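Residue numbers (my numbering): 1401 to 1652. Using N, Cα and C, we set each Cβ at its ideal position, and we do this for glycine too. Please read all numbers here as calculations on a predicted model, not as lab measurements.
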Amino acid sequence: FLTQCVNGLISLINNSLFSAVMVFGAALFTKNYLDLDGVSQLVSSSLRAIAAAVPVFVACLAALDYRATMVAGGIVELAAFAAVLAGGIVAVAAGSRRAGPFLAAWSFLIAGAAATQLETLGVAALSAEPFWGNADQLGALIQVLVMSYGISDAVNVMRAEKEDGQRRSIELLERANKVKEDFLIAMSLEFRSPLYGIVGLSDRLGVLIEGKAGEEERRLAGLIRAESLRLLNSVANIASYARLRNADIALV
């Protein structure tokens, strides 16, 4: 008899610990997966409070008797299930794509658990073995399948949004480069006209001072012409580079 009591106590503690871990994980997962902080602060705060109450419940297992443990565990589970369903409903109302599969998955799980409890109490309206007797396991299985679909869909959406964001960023960078290169081409054309004028004027100045000016004056006139040609060549290189980036010209 003592062995049976000890085994029953151990089983009770194990079940209570499993329920506590499930409630803790479900509360935090629901809050973060549905991003309830931006949807409903009330539901989000309720889930945080439930998750915070779980460690307290686990710590009090040793001090509670059998009935108190069952009652406390049942209250925590019911509060967690209600908050999870409320979070799913609020998220669906807010238009969250993730909320539909989430709410369906948890509805199957809770319905299966309720059916099993009704079967245990002998008040089940329908008996269809083996499904009705294992409704909790069937509900858990359907929950896993539906949640797997929901999570994979959420991952695909996140991947598509990431790829779309990268594509838009690349388009913006290409547009910015195009604007920059168009500006360089336009400015190179604006610089060329006065530079050609300076070269022409320096040539004319060299002709005018030929034989009339000293060596220093002729050197300065030649320097003006050489520097103008060098600057003109640099401007032409910039324009060619911009056209090459714009694919206006091709390397041969």
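Close beta carbons around S1419, own chain, < 7 angstroms, minus the five adjacent residues each side: Here residue 1419 refers to the residue found at position 19 of the sequence shown. Result list for S1419: G1473, E1477, in chain order.
Excluding sequence positions up to five away, which residues of its chain have a Cβ less than 7 angstroms from the Cβ of R1497? Numbered from its first residue, the sequence shown carries residue 1497 at position 97. Within the same chain, R1497 has close Cβ partners V1557.
If you check the beta carbons only, do R1448 and A1427 fall under 9 angstroms apart? Position 48 of the sequence shown, counted from the first residue, corresponds to residue 1448. Position 27 of the sequence shown, counted from the first residue, corresponds to residue 1427. A contact, by the Cβ cut-off of 9 angstroms.
Just the Cα atoms here: how many angstroms apart are R1592 and V1635? As a working note, residue 1592 is residue 192 in the sequence shown. As a working note, residue 1635 is residue 235 in the sequence shown. For R1592 and V1635, the distance between alpha carbons rounds to 7 angstroms.
Is the Cβ of V1443 closer than 9 angstroms to any Cβ of chain C? You won't find chain C in this structure, because it holds only one protein chain.
Note down the Cα distance separating V1555 from A1514, rounded to an integer number of angstroms. Translated into positions along the sequence shown, residue 1555 becomes position 155. Translated into positions along the sequence shown, residue 1514 becomes position 114. Taking the straight line joining both Cα atoms gives about 31 angstroms.
Look at the alpha carbon of V1579 and the alpha carbon of D1553, and state the distance between them as a whole number of angstroms. The sequence position of residue 1579 within the sequence shown is 179, counting from 1. The sequence position of residue 1553 within the sequence shown is 153, counting from 1. Taking the straight line from one Cα to the other gives about 39 angstroms.
Please state whether the Cβ-Cβ distance between L1632 and A1621 is less than 9 angstroms. Your numbering for residue 1632 matches position 232 in the sequence shown. Your numbering for residue 1621 matches position 221 in the sequence shown. Cβ distance not < 9 angstroms, so L1632 and A1621 don't count as in contact.
How many angstroms separate the CA atom of N1534 from the CA atom of A1540? Taking the sequence shown and counting its residues from 1, the one referred to as residue 1534 is at position 134. Taking the sequence shown and counting its residues from 1, the one referred to as residue 1540 is at position 140. Computed Cα separation, rounded: 10 angstroms.
When burial is assigned at 16 or more other CB atoms within 10 Å of the CB, is V1471 buried or exposed? Numbered from its first residue, the sequence shown carries residue 1471 at position 71. Exposed, by the Cβ-count rule.
Would DSSP call V1439 helix, strand or coil? In the sequence shown, residue 1439 corresponds to position 39, counting from 1. If DSSP states are grouped into helix, strand and coil, V1439 belongs with coil.
For N1432, does the three-state DSSP call read helix, strand or coil? By one-based count along the sequence shown, residue 1432 stands at place 32. N1432: helix per DSSP, three-state reduction.
Within 10 Å of its beta-carbon, does G1550 have 16 or more other beta-carbons around it, so buried, or fewer, so exposed? In the sequence shown, counting from the first residue as 1, residue 1550 sits at position 150. Buried, because 16 or more other Cβ atoms sit within 10 Å of the Cβ of G1550.
Could you work out which residue in V1484, V1599, A1586 is closest to L1629 when comparing CA atoms only? Sequence index remark: in the sequence shown, residue 1629 carries index 229 (1-based). The option with the nearest alpha carbon to L1629 is V1599.
Is it the case that the stretch 1476 to 1494 contacts the stretch 1435 to 1451, given that we only count it when at least three CB pairs across the two stretches are under 8 angstroms? yes
Identity of the residue in G1565, V1607, S1548 nearest A1505 by Cα: Walking along the sequence shown from the start, residue 1505 turns up at place 105. For A1505, the nearest C-alpha among the options comes from S1548.
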